[in-house]
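Inspection log for the structure reproduced underneath, given as C-alpha cells.
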Amino acid sequence: MKLKNVLMALLMIIGTTLMAQEKYEQAVLSQTSGAFINLAIEGKEFKRTKLTPYVDPRDFTPILKELALMRDEGWEIWNSIESESSSISITYFLRRKIK
Numbered sequence: 001m002k003l004k005n006v007l008m009a010l011l012m013i014i015g016t017t018l019m020a021q022e023k024y025e026q027a028v029l030s031q032t033s034g035a036f037i038n039l040a041i042e043g044k045e046f047k048r049t050k051l052t053p054y055v056d057p058r059d060f061t062p063i064l065k066e067l068a069l070m071r072d073e074g075w076e077i078w079n080s081i082e083s084e085s086s087s088i089s090i091t092y093f094l095r096r097k098i099k
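Heads up: the sequence shown begins at 1 in the numbering used here, then just goes up one per residue.
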C-alpha cells in the first residue's frame with residue numbers, strides 16, 4: 001500500500017513539472033481614444049494602426065476584429081483591463097503556446 005502511494009505521488013509530481021514547462025509568447029493589444037490600435041508582441045514587434053475615419057471611443061468593433069484575427073492565429077486572451085481616465089480605452093493581454 002505504501003509503494004502504491006509513493007508511486008502515485010511521484011507520478012503527480014512528474015505530471016505537474018511537465019505541465020509547468022509550457023512556454024508562451026505574449027502580446028498586448030490596445031485601443032486608445034478611438035484613434036489607434038496598438039499591438040506589441042514579445043517586445044520584438046510593434047504595430048500601430050490609425051483608425052480612419054475616427055471611431056467613437058465607446059466603439060470596440062475595430063479591436064474585436066483584430067482580436068478575432070489573432071485568435072485564428074492561436075492567441076488566447078490571458079487578461080484584460082478597461083480604463084476611463086480622459087477617454088475609454090481597453091487593453092487585452094494575450095498569449096500563445098510556443099511549439
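Glycine included, every Cβ here is placed at the ideal spot set by N, Cα and C. Predicted, not measured: the structure shown is a model, and the values here were computed from it.
Suppose contacts are defined by Cβ-Cβ distances below 8 angstroms. Is residue i in contact with residue j by that definition?
i: L51; j: I41; result: no
i: I88; j: R58; result: yes
i: E25; j: I98; result: yes
i: R48; j: G74; result: no
Would you mind sorting residue i into buried or exposed? The rule is 16 or more other CB atoms within 10 Å of its CB.
i: Y92; result: buried
i: Q21; result: exposed
i: E70; result: Correcting the residue identity first, residue 70 is Met in this sequence and not Glu. Counting Cβ neighbours within 10 Å, M70 comes out buried, since at least 16 surround it.
i: A27; result: buried
i: L67; result: buried
Pick helix, strand or coil for residue i, following the three-state DSSP scheme.
i: K99; result: coil
i: V6; result: helix
i: L29; result: strand
i: T61; result: helix
Just tell me which of the options has its CA closest to the CA of residue i.
i: I63; options: W78, I90, E45, G74; result: I90
i: L94; options: D72, L29, L11; result: L29
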